[in-house]
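Take a look at the structure below.
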Amino acid sequence: MFRAFCDRTRLRILSLLRGGESCVNDIVAVLQAPQPRVSRHLGHLRKAGLVVARKSGLWIHYSLTPAKSEFHRKLLDCATCCFDEVPELKADAARAAKLRKSGGCCPKE
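So for the sequence shown, the working numbering puts the first residue at 2; every next one is plus one.
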């Protein structure tokens, strides 16, 4: 699990998902990163048990895994809250808010 926290892109994804479920296209738009890179990092986060995927038609939506223990909850809190003041994460949060306001990239059910 700790290896999942050692990459900046993964921390950015975890921080973004703290705001709620997102599809890959939304994550790509917010992070301004290539889709293959985002998908690869989402795979690492899934293997680590930090995110879950939900398929809806052609779309896969990702969200943070519900905490299974107090330790797990604190670890997720630290990974997603401790870096709030990092300029890159602030910029991600601003882009995510703007994207959610516009309806996002993926169709809603």
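The C-beta atom is built at its ideal place from N, Cα and C for all residues, glycine as well.
Starting from the C-beta of residue 40, find all residues in its chain whose C-beta is less than 7 Å away, skip the five residues before and the five after it, and write them out in chain order.
25
So residue 13 packs on residue 90, CB below 8 Å; how close in whole Å?
6 Å
Measuring alpha carbon to alpha carbon, tell me which residue in 3, 19 and 8 is nearest residue 85.
19
On a Cα-Cα basis, can you pick out the residue from 15, 94 and 43 that is closest to residue 79?
15
I'd like the span of the beta strand (DSSP E) that includes residue 19, first residue to last.
No beta strand (DSSP E) holds residue 19; DSSP gives it neither H nor E.
Could you tell me the boundaries of the beta strand (DSSP E) in which residue 52 lies?
52-57
What would DSSP say about residue 24, mapped onto helix, strand or coil?
Per DSSP, reduced to three states, the secondary structure at residue 24 is strand.
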